[in-house]
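Participant:
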Amino acid sequence: MNGGDNRNSGSGNNKLLIAYIYNAIPNLHCKKASSETMAVPLLSKKVVKKRVKRFKRPQCDRKISVKPSWRRPKGIDSRVRRKFKGCVLMPNIGYGSDKRTRHYLPNGFKKFVVSNVKDLELLMMHNRTYCAEIAHNVSTRKRKEIVERAAQLDVVVTNKTARLRSQEDE
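Taking this note's numbering, I'd label the letters of the sequence shown as residues -3 to 166.
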């Protein structure tokens, strides 16, 4: 029965199979140098936050003395405490994010604030779970050193272009 049927043999079919694999698996055919590759996060689940907006304290927009940081209303007539329709929402247990993706950024890493190169060394063995974020008070010269060392350690830096001038400006 298979004697006259040549569909399963031949080079044409193999080329088709190779083309399928080539297109199905992205970036398999282009190997980058080890210095160009970036760490891939271990987290495979998509990060979904139930609520991104912060809960604001009631009447913080009306009085300067009432700061926006959340405080639970305790007054007997409070509309927010009594949960009237159209009022400010109160934080509840239902707003919590998924336990497996809590504290993760959308890129799949947890954030770790780095102030110097020594802090970056802590992430050497955890470069697939944590990414570095350079602290706001780090100078431009130290930032360059941190970014260079992070590239050597294969650590992702979220704000590596911050406060760095390009060659055109100089």
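The beta carbon of each residue, even a glycine, is placed where N, CA and C say it ideally should be.
Helix, strand or coil: how does DSSP classify residue 128 here?
Facilitator: Correct three-state label for residue 128: strand.
Participant: Could you name the residues that DSSP lists as bridge partners for residue 107?
Facilitator: Residue 107 pairs with 127.
Participant: Under 8 Å: do the stretch 63 to 78 and the stretch 95 to 102 share three or more Cβ pairs, one atom per stretch?
Facilitator: Touching, no, given that fewer than three Cβ pairs across the two stretches are closer than 8 Å.
Participant: Out of 140, 148, 153, 145, which has the shortest C-alpha to C-alpha gap to residue 160?
Facilitator: Cα-wise, what sits closest to residue 160 is 140.
Participant: When you compare the CB positions of residue 91 and residue 46, do they come within less than 7 Å of one another, or not?
Facilitator: Yes, the pair counts as a contact, with Cβ atoms nearer than the cut-off.
Participant: Can you tell me whether residue 160 is helix, strand or coil according to DSSP?
Facilitator: Coil at residue 160, not helix or strand.
Participant: Please report how far the alpha carbon of residue 37 lies from the alpha carbon of residue 114, in whole angstroms.
Facilitator: Cα-Cα distance, rounded: 22 Å.
Participant: Per DSSP, what are the beta-bridge partners of residue 153 in this structure?
Facilitator: 128, per the DSSP bridge assignment.
Participant: Leaving aside the five residues before and after residue 69 along the sequence, list all residues of the same chain whose C-beta is less than 7 Å from its C-beta, in chain order.
Facilitator: Within the same chain, residue 69 has close Cβ partners 54, 76, 77.
Participant: Check whether the Cβ atoms of residue 130 and residue 152 lie closer than 7 Å to each other.
Facilitator: No, the pair does not count as a contact, with Cβ atoms beyond the cut-off.
Participant: Quick one: is residue 104 buried, meaning 16 or more other Cβ sit within 10 Å of its Cβ, or exposed?
Facilitator: Classification of residue 104: buried, given that the 10 Å Cβ count is 16 or more.
Participant: If you count every other CB in all the chains shown that lies within 10 Å of the CB of residue 133, and 16 or more means buried, which is it?
Facilitator: So residue 133 ends up on the exposed side.
Participant: In the DSSP assignment, what residue or residues form a beta bridge with residue 100?
Facilitator: Beta-bridge pairing links residue 100 to 106.
Participant: With DSSP as the reference, label residue 90 as helix, strand or coil.
Facilitator: Correct three-state label for residue 90: helix.
Participant: Since I believe residue 149 is in contact with residue 119 (beta carbons under 8 Å), could you give me their beta-carbon distance rounded to a whole number of angstroms?
Facilitator: With a Cβ gap of about 7 Å, residue 119 and residue 149 count as contacting.
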